[in-house]
Ligand SMILES: [Fe+2]
Ligand SMILES: [Fe+2]
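In this note's numbering, the protein residues as written are 863 to 1011.
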């Protein structure tokens, strides 16, 4: 499954779904960090998890400015290819990183779409672009590790 997040015509809905996607990513990170054996991988994934938290914080502040409450959970829909349920069944650092790479592909896709949204002003586009840069960095690091595994 490739994520649908980023295809929302309505900007409010897009931001709400991006927050849910980042919350789903955080849950997947928790599961991955717990299951990885390599301490360096764990440390790096903690950093990436913190980036996702920052994404939810900044997008949540934007929603509050619009007079709406940000979501406090990922919700019931499957937003990521390898969410926490998939991660919980995986063993081995390579398989865990492969699963996290599919999730980063989803977050990259969602933010690539978001920066192109027709109704976004420059401030919010700047937020999307910053988040996209983080997602690209996450994916690149995972890919570089997988290349040597
Ligand atoms: Fe994120
Ligand atoms: Fe990420």
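Yeah, the Cβ is synthetic: ideal placement off N, Cα and C, and Gly gets one too.
Checklist entry - Is DSSP giving residue 991 helix, strand or coil here? => result Taking the chain shown and counting its residues from 1, the one referred to as residue 991 is at position 129. Three-state result, residue 991: helix.
Checklist entry - Exposed or buried, what is residue 956 when buried is set at 16 or more other beta-carbons lying within 10 Å of its beta-carbon? => result Along the chain shown, read from residue 1 onward, the residue named residue 956 stands at position 94. So residue 956 counts as exposed.
Checklist entry - Which one of 891, 880, 972 has the shortest CA to CA distance from residue 934? => result As a first step, residue 934 must be located in the chain shown, where it is residue number 72. Among 891, 880, 972, the Cα nearest to that of residue 934 belongs to 880.
Next on the checklist: I'd like the span of the alpha helix (DSSP H) that includes residue 930, first residue to last.
Outcome noted: Here residue 930 refers to the residue found at position 68 when the chain shown is read from its first residue. Looking at the DSSP string, residue 930 is not in any alpha helix (DSSP H), and its letter there is neither H nor E.
Next on the checklist: With a threshold of 6 Å on Cβ separation, who are the neighbours of residue 883 within its own chain once the five nearest residues in sequence on each side are excluded?
Outcome noted: On the chain shown, position 21 is the one that residue 883 refers to. The answer, listed in chain order, is 867, 941, 972.
Item to check | Cβ distance (whole Å) where residue 963 is taken to contact residue 907 below 8 Å | outcome: Looking up residue 963 in the chain shown gives position 101. Looking up residue 907 in the chain shown gives position 45. Not quite, the Cβ-Cβ distance comes to about 12 Å (not below 8 Å), so this is no contact.
Checklist entry - Can you tell which of 938, 960, 888, 887 has the C-alpha that lies nearest to the C-alpha of residue 1006? => result For this step, residue 1006 is matched to residue 144 along the chain shown. Nearest C-alpha to residue 1006: 960.
Next on the checklist: So for residue 1010, helix, strand or coil by DSSP?
Outcome noted: Taking the chain shown and counting its residues from 1, the one referred to as residue 1010 is at position 148. Of the three classes helix, strand and coil, the one that applies to residue 1010 here is coil, per DSSP.
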